[in-house]
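Colleague: Questions regarding the structure given below will be posed in turn.
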Amino acid sequence: MKDTLINCYQFNLRYAHTLVADLDSEMMTHSPGAGLENHPAFTLGHLISGSALTSKYLGGPYTMNEHWEQLFRRRGPGDPRLPDPNKHAYPPKEELLAELSRQHHIVERLIRDLEPSRMKEPVKWRYSKHLSTLGDMLHFMCITHESMHLGQLAGWRRAMNLPSALAQL
Numbered sequence: 002m003k004d005t006l007i008n009c010y011q012f013n014l015r016y017a018h019t020l021v022a023d024l025d026s027e028m029m030t031h032s033p034g035a036g037l038e039n040h041p042a043f044t045l046g047h048l049i050s051g052s053a054l055t056s057k058y059l060g061g062p063y064t065m066n067e068h069w070e071q072l073f074r075r076r077g078p079g080d081p082r083l084p085d086p087n088k089h090a091y092p093p094k095e096e097l098l099a100e101l102s103r104q105h106h107i108v109e110r111l112i113r114d115l116e117p118s119r120m121k122e123p124v125k126w127r128y129s130k131h132l133s134t135l136g137d138m139l140h141f142m143c144i145t146h147e148s149m150h151l152g153q154l155a156g157w158r159r160a161m162n163l164p165s166a167l168a169q170l
């Protein structure tokens with residue numbers, strides 16, 4: 002089960018890199034319209050915050066600087082905040098991708114070192130009512146949460162008339 006989780010998490014990381022590989026710095030912070038406000042820079046940063054939080058849930062470090070936390074972390078569905086309209090507030094693509102990769106590697110190591118019995122441990126978090134174990138939370142954060150946001154980024158690419166990134170994997 003851990004191998005499958007890590008494999009899917011690694012796939013999401015490869016897909017994230019592919020989704021932005023052909024974007025220049027201007028495109029990274031462009032929002033083509035209503036419903037597509039989460040531009041690529043914001044989306045990558047938000048995934049970084051999700052991985053940092055996952056590390057914390059696993060007992061690892063929460064290593065996200067305060068500026069990035071303010072810029073990228075959301076408090077789940079219904080959070081009314083939109084990405085900062087100041088394009089200069091966002092780190093460059095290379096920095097975002099490097100940090101996303103670093104955060105992924107931290108979480109992967111923590112999952113590899115996790116005793117299998119811990120996957121059934123109850124965990125208190127936003128969706129405990131529906132996903133009550135550590136294993137449930139890990140599957141949500143590493144697969145579902147990332148896939149939802151990567152899907153938004155794929156939709157953003159379509160709105161920008163860019164080719165499918167998934168076809169390039």
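Just so we're on the same page, the working numbering is the position in the sequence shown counted from 1, plus 1. Note that beta-carbon positions come from the ideal geometry of N, C-alpha and C, so glycine has one too.
#1: If distances are taken between C-alpha atoms only, which option among 165, 169, 170, 156 comes closest to residue 34?
#2: Given a cut-off of 8 Å, decide if residue 113 and residue 7 are closer than it, judged by their beta-carbon atoms.
#3: Pick from 149, 160, 140: whose alpha carbon is nearest that of residue 78?
#4: List the endpoints of the continuous alpha helix (DSSP H) containing residue 113.
#5: Thinking C-alpha only, which one of 89, 22, 55, 67 is nearest residue 145?
#6: If you measure between the beta carbons of residue 10 and residue 109, is that distance less than 8 Å?
#7: CA-CA distance, residue 91 and residue 65?
#8: Is it right to say residue 30 is buried, meaning 16 or more other beta carbons lie within 10 angstroms of its own, or is it exposed?
#9: Roughly how many angstroms separate the alpha carbons of residue 168 and residue 128, rounded to a whole number?
Modeller: Let me spell this out:
#1: Of 165, 169, 170, 156, the residue nearest in Cα terms is 156.
#2: In contact: residue 7 and residue 113 (Cβ atoms closer than 8 Å).
#3: 149
#4: From DSSP, the alpha helix (DSSP H) with residue 113 extends over 94–114.
#5: 55
#6: yes
#7: 14 Å
#8: buried
#9: 33 Å
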